[in-house]
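Asks: I have a structure here, written as structure tokens, and I will follow up with some questions on it.
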Amino acid sequence: MSVTAESNELRDDVLNGLQLSGQLERVWRTPSGLVGALMSVDHKIVGRRYILTAFAFLLLGGILAMLMRVQLAGPEQTFLSADKYNQIFTMHGSTMMFLFAVPVMEAFAVYLVPLMVGTRNIAFPRLNAFSYWMFLFGGCFLWISFLFNVGPDVGWFSYVPLSSLQFTPTKRADVWAQMITFTEVAALAVAVEIVVTVFKLRAPGMTLDRIPLFVWAMLVTSFLVMFAMPSIMVASTSLILDRLVNTRFYDASSGGHPLLWQHLFWFFGHPEVYIIFIPGTGMASTILATFARRPVIGYPVVILSLIGTGFLSFGLWVHHMFVTGLPQLGAGLFTASSMLIAVPSGLQIFCWLATLWDGRPVYRTPLLFVIGFIVIFVIGGLSGVMVASVPIDTQVHDTYFVVAHFHYVLIGGAVFPLIGAVYYWFPKIAGRMLSERLGRWNFWLAFIGFNVAFFPMHFLGLIGMPRRVYTYTADMDWAHLNLLSSIGAFVFALSFALLLVNVVYSLRKGALAGDNPWNGSTLEWATSSPPPPQNFDRIPVVKHRDPLWADSESLPVIAGLSAERREVLLTSLAEAEPQTREASSEPSIWPLLTAIATTVFFIGSIFTPWAVLWGTPPMAVTLIGWFWPSGSKEDEE
Amino acid sequence: MRQTIVRNVAELPTYGYGPRSGPWWGAMGFMALEGMGFAIAVGTYLYLYAIDPNWPIGAAPPDLWPGTTEAVVYLLSIIPNEITNRAAYRQDLAKVRTGLVVMSLIGIALLVLRGFEFAHLNTRWDNSAYGSIVWLILGLHTTHLATDVGDTVVLAVLMFTRHAKPRRFSDVTDNVFYWNFVVLAWLPLYALLDWVPRL
Ligand code: HEM
Ligand SMILES: [Cu+2]
Chain P
62 MSVTAESNEL RDDVLNGLQL SGQLERVWRT PSGLVGALMS VDHKIVGRRY
112 ILTAFAFLLL GGILAMLMRV QLAGPEQTFL SADKYNQIFT MHGSTMMFLF
162 AVPVMEAFAV YLVPLMVGTR NIAFPRLNAF SYWMFLFGGC FLWISFLFNV
212 GPDVGWFSYV PLSSLQFTPT KRADVWAQMI TFTEVAALAV AVEIVVTVFK
262 LRAPGMTLDR IPLFVWAMLV TSFLVMFAMP SIMVASTSLI LDRLVNTRFY
312 DASSGGHPLL WQHLFWFFGH PEVYIIFIPG TGMASTILAT FARRPVIGYP
362 VVILSLIGTG FLSFGLWVHH MFVTGLPQLG AGLFTASSML IAVPSGLQIF
412 CWLATLWDGR PVYRTPLLFV IGFIVIFVIG GLSGVMVASV PIDTQVHDTY
462 FVVAHFHYVL IGGAVFPLIG AVYYWFPKIA GRMLSERLGR WNFWLAFIGF
512 NVAFFPMHFL GLIGMPRRVY TYTADMDWAH LNLLSSIGAF VFALSFALLL
562 VNVVYSLRKG ALAGDNPWNG STLEWATSSP PPPQNFDRIP VVKHRDPLWA
612 DSESLPVIAG LSAERREVLL TSLAEAEPQT REASSEPSIW PLLTAIATTV
662 FFIGSIFTPW AVLWGTPPMA VTLIGWFWPS GSKEDEE
Chain G
96 MRQTIVRNVA ELPTYGYGPR SGPWWGAMGF MALEGMGFAI AVGTYLYLYA
146 IDPNWPIGAA PPDLWPGTTE AVVYLLSIIP NEITNRAAYR QDLAKVRTGL
196 VVMSLIGIAL LVLRGFEFAH LNTRWDNSAY GSIVWLILGL HTTHLATDVG
246 DTVVLAVLMF TRHAKPRRFS DVTDNVFYWN FVVLAWLPLY ALLDWVPRL
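Chain order of the listed sequences is P and G.
Residues in the first sequence are numbered from 62 upward in steps of one, following the numbering used here.
Residues in the second sequence are numbered from 96 upward in steps of one, following the numbering used here.
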């Protein structure tokens with residue numbers, strides 16, 4: 062029955078359980094050794110690397126934050142010079158936004174989305190490997206430049222004309238602009254992979270209204286990335302062209318305009334905040350459902366508000382420019398739309414509270430972090446509605462009030478749910494549980510430390526402390542609040558040290574997790590922990606929104622896929638009806654080589670425009686190597 | 096967890112065309128984000144145009160013939176492109192080979208024309224913001240043109256080797272599809288670059 066008319070290949074329906082696992086594992090595993098590791102296209106391996114690398118950048122960005130808090134702890138400190146301080150806050154902001162927050166969310170998606178939709182690998186696995194290498198090389202490039210004292214010093218948004226050649230004649234701003242291109246290439250590639258994975262690789266029966274909420278969140282996020290990031294790429298490319306070959310985009314004396322930069326930057330920069338926050342809400346919804354032990358109330362409402370937030374986020378960028386002297390009417394409109402965006406976020410929060418209320422919650426560490434997230438995010442949202450109004454913004458613009466606000470939103474909206482997600486999914490990724498006792502300490506230190514660090518900044522802003530100053534005098538009366546804030550920051554940092562200890566300890570000594578330690582309802586828990594290279598021996602069939610709760614006795618699955626080569630099942634967009642069995646990439650060294658060639662091209666072009674000429678052929682060669690279909694089983698027949 | 100086999104998918108084909116294939120959706124995704132890139136570049140042009148009263152700043156508008164010739168060639172190229180498309184659906188290897196060779200030649204001809212177009216812009220990139228944005232937009236589109244031509248040439252070579260397997264025909268249709276995007280993107284850019292400065 063397995064041998065069809067068209068071919069006589071080995072199919073999974075002639076193999077029994079153990080044979081099947083062994084056979085699929087041989088087909089899907091990554092070759093061993095160093096070369097094998099460099100060739101890997103397994104979304105779990107790439108995802109794990111991505112997550113670890115992003116956390117490494119969090120650590121680096123966090124160290125810089127601590128340096129700033131040491132400098133600001135008292136008046137007239139000389140710990141850092143003004144010049145060093147400029148570099149450090151620029152590196153802190155750029156690292157956190159471009160090398161940590163966005164990549165870490167995409168990294169979790171790279172690991173989780175294929176498992177959650179019940180498939181064997183992400184769409185375009187080689188592109189996925191490539192995007193990781195680009196991210197790694199771009200991040201290293203920025204940090205190595207910083208250590209060699211050519212790191213950027215013009216703020217994470219690099220406003221022109223400050224970042225123009227005239228005021229920044231060194232390579233500092235070029236490094237910044239090119240780092241942007243690296244990380245955007247990586248982010249855009251992952252976004253396309255996620256979209257196609259969700260559209261086409263979902264398990265049979267996973268109709269649009271059965272997609273897990275985290276997957277929905279990542280789908281919306283990926284669209285935001287696709288529509289927001291091209292703007293910053295045009296902006297930073299124009300900037301570097303202005304600097305290297307004398308174009309005049311931002312040069313007011315030749316028909317250019319500095320405000321053009323702000324428009325392009327914030328057309329990206331505002332959605333960027335939601336690119337960071339929306340995945341956080343997806344994590345929160347997933348964790349809440351599991352620990353409240355019931356599905357999230359208002360599933361369609363949550364999805365609509367995710368989509369609504371996505372759309373609205375594009376209409377808001379001008380609120381970052383209220384003090385640039387725009388026409389009154391425009392300012393009014395943007396104030397209204399900025400306040401409007403509080404509505405979908407509010408709706409989601411009500412859905413979560415109702416879920417908790419109606420469920421039988423168990424307060425384990427992941428849930429604690431989600432609750433912390435809701436509290437902090439609400440405070441950040443309130444100060445957001447305040448700065449959305451023009452008169453208030455005019456008062457507090459570029460003060461510590463704004464620093465307080467965006468850390469409440471970014472850390473509340475992204476870091477807290479993220480740490481919750483680490484506790485929640487660690488057992489799946491590592492096969493072992495994190496320690497619950499350390500987890501509780503971790504949470505309380507983080508929650509208290511965070512608020513002590515950032516709440517006083519609201520007051521500092523209101524009494525006039527500007528942001529991006531490296532010191533202040535004693536007669537300003539800012540010393541006490543700053544000291545308090547610095548103490549809080551160190552407590553907050555301690556909580557991350559505890560997380561690290563917990564991870565290192567639990568990797569060896571943690572309790573074994575088993576397939577589904579939390580009794581979660583989504584498909585990633587239907588396979589072992591950690592999952593085998595093929596993810597699932599048989600692809601599940603989804604008949605409910607919470608498949609593992611509804612079909613807890615026996616999981617319906619399909620048979621008939623190849624057992625001798627890498628094959629994934631493609632399904633239709635809306636109904637997830639099976640359509641084709643498509644080949645999935647074999648491991649390959651070419652994505653790495655392409656990334657190296659691209660890196661040489663990007664970095665070379667900072668130093669000589671000729672790099673555009675001699676840098677192109679290696680890129681072309683490696684790309685051909687990548688797409689040339691040799692080595693795939695199908696082509697060797 | 097126990098499992099129950101509820102369906103067998105062995106009879107499904109191992110590749111599909113259009114929305115039934117993964118790469119087609121990948122191409123859609125890249126077209127969406129590249130289209131957004133073009134839109135942003137056009138927005139930048141219009142922004143600079145709006146703030147400067149004497150557009151094109153200190154230059155004559157581009158000479159019309161290169162862009163116009165290109166537009167005509169692009170539009171005509173749709174015919175062999177579509178013929179290649181149909182041949183690929185029918186899996187007619189001989190016709191597909193011819194089609195890909197013809198499309199490669201058209202692409203190369205367009206790249207040559209593009210060279211002339213740069214030379215006839217009547218402004219340098221460093222003359223003014225006008226020159227900068229014109230060069231940027233043309234550069235963006237040329238990058239698309241060049242990568243698509245490269246892709247077409249590689250695919251053409253592939254179809255003359257033992258790798259010309261049935262599912263490669265699906266790759267050919269995706270390549271055809273992407274070419275339509277390159278053509279479609281050119282028309283508004285042509286209007287913008289060649290006609291807006293004459294308004
Ligand atoms: C460990 C916790 C953190 C502390 C103590 C901290 C501290 C600070 C301080 C003091 C500044 C202001 C620098 C100045 O204006 O003089 C700052 C700026 C900034 N922070 Fe953080 N931060 C932390 C975490 C984060 C995270 C997680 C993110 C993003 C996800 C982030 C994003 C930013 C950004 C974008 C800026 C603006 C940089 C600029 O003006 O160029 N921070 N941070
Ligand atoms: Cu904003």
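Backbone N, C-alpha and C define an ideal beta-carbon position, used for all residues, glycine too.
Have a look at P:T683 and P:L653 and give me their C-alpha separation to the nearest angstrom.
Replies: Roughly 9 Å between the two C-alpha positions.
Asks: Using a Cβ cut-off of 8 Å, pull out every chain P residue sitting near G:M126, in sequence order please.
Replies: The contacting residues do not exist; G:M126 stays about 10 Å from chain P at best.
Asks: Does at least one heavy atom of ligand 2 sit under 6 Å from the Cβ of P:H331?
Replies: Yes, the beta carbon of P:H331 sits closer than 6 Å to at least one heavy atom of ligand 2.
Asks: Do P:M158 and P:P273 count as a contact pair if the criterion is CB distance below 7 Å?
Replies: For P:P273 and P:M158, no; Cβs fall outside 7 Å.
Asks: Would you report the Cα separation of P:W689 and G:V252, rounded to the nearest angstrom?
Replies: One C-alpha to the other measures close to 10 Å.
Asks: Are any of the Cβ atoms in chain G nearer than 7 Å to that of P:N307?
Replies: Taking Cβ atoms only, chain G reaches closer than 7 Å to P:N307, which makes this a yes.
Asks: Measure the C-alpha to C-alpha separation of G:A280 and P:P678 and round it to an integer number of angstroms.
Replies: Distance between the alpha carbons of G:A280 and P:P678: 26 Å.
Asks: Identify the residues that DSSP records as bridge partners of P:I619: which are they?
Replies: BP columns for P:I619 point to G:R102.
Asks: Have a look at P:A190, P:V171, P:L125 and P:S93 and flag the residue whose alpha-carbon is nearest the alpha-carbon of P:S646.
Replies: It is P:A190.
Asks: Suppose contacts are defined by Cβ-Cβ distances below 7 Å. Is P:L125 in contact with P:M152 by that definition?
Replies: Contact flag set, yes.
Asks: Is P:I472 near ligand 1, going by C-beta to nearest heavy atom under 6 Å?
Replies: Because some heavy atom of ligand 1 lies under 6 Å away, the Cβ of P:I472 counts as near it: yes.
Asks: Within the same chain, show all residues whose beta-carbon is closer than 6 Å to that of P:Q132, passing over the 5 residues directly before and after it, in chain order.
Replies: Cβ within range, chain order: Q138, F140 and L141.
Asks: CB P:G433 to CB P:Y469, shorter than 7 Å?
Replies: Their beta carbons are not under 7 Å apart, which means P:G433 does not touch P:Y469 by this criterion.
Asks: Any C-beta of chain P sitting closer than 7 Å to the C-beta of G:L216?
Replies: Judged by the 7 Å Cβ criterion, G:L216 is not in contact with chain P.
Asks: Below 6 Å CB to CB, which residues in the same chain sit around P:R109 once its five sequence neighbours on both sides are set aside?
Replies: If we look at P:R109 and ignore the five residues flanking it on each side, it has no Cβ neighbours.
Asks: Please tell me whether G:Q186 has its Cβ less than 7 Å away from any Cβ of chain P.
Replies: G:Q186 does not count as touching chain P.
Asks: Across which residues does DSSP place P:P601 in a beta bridge pair?
Replies: In DSSP, P:P601 forms a bridge with P:V618.
Asks: Using CA coordinates, which residue listed in P:T231, P:S82, P:G473 and P:A98 is at the minimum distance from P:I667?
Replies: Comparing Cα-Cα distances from P:I667 to each of P:T231, P:S82, P:G473 and P:A98, the minimum goes to P:T231.
Asks: Suppose you measure from the CA of P:T588 to the CA of P:N596; what does that come to, to the nearest Å?
Replies: Roughly 7 Å separates the two Cα atoms.
Asks: Contact criterion: CB-CB distance below 7 Å. Does P:R304 meet it with respect to chain G?
Replies: Closer than 7 Å: no.
Asks: Closest Cβ-Cβ distance between P:N77 and chain G: below 7 Å?
Replies: Output row for P:N77: interface = no.
Asks: Could you tell me the boundaries of the beta strand (DSSP E) in which P:L631 lies?
Replies: That run of the beta strand (DSSP E) goes E628 to T632.
Asks: Going by other Cβ atoms of all chains shown within 10 Å of its Cβ, with 16 needed for buried, is G:P148 buried or exposed?
Replies: With fewer than 16 other Cβ atoms within 10 Å, it is exposed.
Asks: If you measure from the CB of P:V483, is any heavy atom of ligand 1 nearer than 6 Å?
Replies: No - ligand 1 has no heavy atom lying nearer than 6 Å to the Cβ of P:V483.
Asks: Fully enclosed by the segment 86-138 of chain P, which alpha helix (DSSP H) runs are 4 residues long or longer?
Replies: DSSP runs (the alpha helix (DSSP H)) wholly in the segment 86-138 of chain P: 94-100 and 104-133.
Asks: Starting from the beta carbon of P:D312, find every residue of chain G whose beta carbon is closer than 8 Å, and list them in chain order.
Replies: Those within 8 Å of P:D312 in chain G are A224.
Asks: For a test of the three-state rule: what should DSSP assign to P:R421, helix, strand or coil?
Replies: Correct three-state label for P:R421: coil.
Asks: Give the list of continuous alpha helix (DSSP H) stretches no shorter than 4 residues that lie fully inside the segment 279-367 of chain P.
Replies: List check, alpha helix (DSSP H) in window: 319-353.
Asks: Please state whether the Cβ-Cβ distance between P:P405 and P:S366 is less than 7 Å.
Replies: Contact: yes.
Asks: What does the Cβ neighbour count give for P:P361, buried or exposed, with the cut at 16 atoms within 10 Å?
Replies: Looking at its Cβ environment, which holds fewer than 16 other Cβ atoms inside 10 Å, P:P361 is exposed.
Asks: Can you confirm whether the segment 251-264 of chain P touches the segment 217-230 of chain P when touching is taken to mean that 3 or more C-beta pairs between the two stretches lie within less than 8 Å?
Replies: Output reads no: the segment 251-264 of chain P does not touch the segment 217-230 of chain P.
Asks: For G:A241, which residues in the same chain have their Cβ closer than 8 Å to its Cβ, ignoring the five residues on either side in sequence?
Replies: Taken in chain order, the residues that qualify are L206.
Asks: Is it the case that the CB of P:L285 approaches a heavy atom of ligand 2 more closely than 6 Å?
Replies: Checking every heavy atom of ligand 2 against the Cβ of P:L285, none is found closer than 6 Å.
Asks: Could you list which residues in chain P have their beta carbon closer than 9 Å to that of G:T238, in chain order?
Replies: What G:T238 touches in chain P: nothing, since even the nearest Cβ is about 10 Å away.
Asks: Excluding the 5 residues preceding and the 5 following G:D158 in the sequence, name in chain order all residues of the same chain whose CB lies nearer than 6 Å to its CB.
Replies: Around G:D158: H215.
Asks: Could you tell me the alpha carbon to alpha carbon distance between G:P261 and P:R569, rounded to whole angstroms?
Replies: Going by the C-alpha atoms only, they are around 49 Å apart.
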